[in-house]
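Worksheet for the structure shown next.
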Amino acid sequence: FTVTGRDDDILLRLKEDNDSAEPAASSIAALNLARFAAIRNDRELLARGKKTVGAFARQLAHFPSALPQLLVAFDFLERSPRQIVIAGNARHQETRELLHELRKHFLPRSVLLLADGSNGQSFLAERNDAIRAMTPINGKPAAYICENFTCKAPVTDAKALRNQL
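Residue numbering for the sequence shown follows the working numbering, starting at 1 and increasing by one per position.
Structure (structure tokens):
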């Protein structure tokens, strides 16, 4: 990736086709594309993730256990993702309680975002209008749980969040 193109040697860039102790870069790339697609509601990223998984279709068909992380990416890409947004300041106790409740649960195919009003939220809001509107409610941190970019009513306490999960 750092060559000038004038090298006389033939360059070979191998793509690992198995997840060993360390997942293959393609598996991680496919999962990251799926996550970013879920955050941004971006069909192009979703298509790229599916294309990445598709490049390994033969290996997956014959040896699915060789690419477990790629199977996770495939599952994420093929099913409806869930977006969970916590609107509040991460330093406040009530926000930490909501985050703590989320961490108690196994949440496959979910992306967790913190909408704290900072530059990160502004950046994401440029690409996903719904995130701009996700704010604390009556001064209390709020949790927004969305599937296919359709959100349930926001909740402001851990017990209500647990019930929605």
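C-beta atoms are modelled at their ideal positions from N, C-alpha and C, and glycine is treated no differently. These numbers were taken from a predicted model, which means no experiment stands behind them.
**Study point:** Nearest residue (CA-CA) to D20, options A61, L45, Q59 and L67
**Key:** This sequence places Ser at residue 20; Asp is not what is there. Of the listed residues, the one whose Cα sits closest to S20 is L67.
Practice item. Spell out whether any CB of chain C is found under 8 Å from the CB atom of K15. Key: The structure shown contains no chain C, having only a single protein chain.
Point to revise | Span separating the alpha-carbon of V109 from that of D8 | key: Looking at the sequence shown, residue 109 is not Val but Arg. Taking the straight line from one Cα to the other gives about 46 Å.
Check your understanding: When you compare only the Cα positions, how much space is there between G88 and G139?
Key -> 9 Å
Exercise for review: Might you give, ordered along the chain, the residues of its own chain that have their beta carbon closer than 7 Å to the beta carbon of F56, omitting 5 neighbours on each side?
Suggested key: D17, S26, L67 and L70
Check your understanding: If you check the beta carbons only, do E143 and P154 fall under 8 Å apart?
Key -> For the sequence presented, residue 143 should be read as Ala rather than Glu. Yes, the Cβ-Cβ distance between A143 and P154 is below 8 Å.
Check your understanding: If you drop the 5 nearest sequence neighbours on each side, which residues of the same chain put their C-beta closer than 7 Å to that of A164?
Key -> Just to set this straight, residue 164 is Gln in the shown sequence, not Ala. So the qualifying residues of the chain are I145, K152 and V155.
Review point. Taking the alpha-carbon positions, what's the I86 to I39 distance?
Key: 13 Å
**Study point:** Proximal residues to A158 (C-beta, below 8 Å), its chain only, five neighbours per side dropped
**Key:** E97, L98, H100 and E101
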